[in-house]
């Protein structure tokens with residue numbers, strides 16, 4: 590994960606310094622969220638939803654998008670009493 594984080598940081602820096610745009614095709618939604626400004630969600634080769642990254646992740650309109658976001662692994666930290 591350290592190498593991945595370094596590469597993403599480099600891509601973000603180059604994007605800001607050089608005004609670059611990237612097209613990512615990925616299944617890792619955590620990566621997409623961290624680097625993208627705009628997202629298109631596809632199912633069976635068809636776009637089912639698109640828009641600003643924050644809106645798509647925080648207020649998805651399509652059932653398929655919601656199911657993808659709900660499937661993102663989350664870490665549960667146990668509560669100690």
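In the working numbering, the protein residues as written are 590 to 670.
All C-beta atoms, glycine included, are put in the ideal place defined by N, C-alpha and C.
Can you grab the Cα-Cα spacing for the pair residue i / residue j, in whole Å?
{"i": "residue 614", "j": "residue 663", "result": "22 Å"}
{"i": "residue 619", "j": "residue 669", "result": "28 Å"}
{"i": "residue 667", "j": "residue 617", "result": "25 Å"}
{"i": "residue 655", "j": "residue 627", "result": "17 Å"}
{"i": "residue 645", "j": "residue 605", "result": "23 Å"}
Using the DSSP secondary-structure output, state which residues sit across from residue i in a beta bridge.
{"i": "residue 617", "result": "Note: residue 617 sits in no beta bridge, so no partner."}
{"i": "residue 636", "result": "631"}
Go ahead and label residue i buried or exposed: buried means 16 or more other beta carbons lie within 10 angstroms of its beta carbon, across all protein chains shown.
{"i": "residue 625", "result": "buried"}
Please tell me whether residue i and residue j are closer than 8 Å, where the distance is taken between their beta carbons.
{"i": "residue 653", "j": "residue 632", "result": "yes"}
{"i": "residue 658", "j": "residue 649", "result": "yes"}
{"i": "residue 630", "j": "residue 651", "result": "yes"}
Cβ contact check for the region 632–646 and the region 591–599: 3 or more pairs under 8 Å: no
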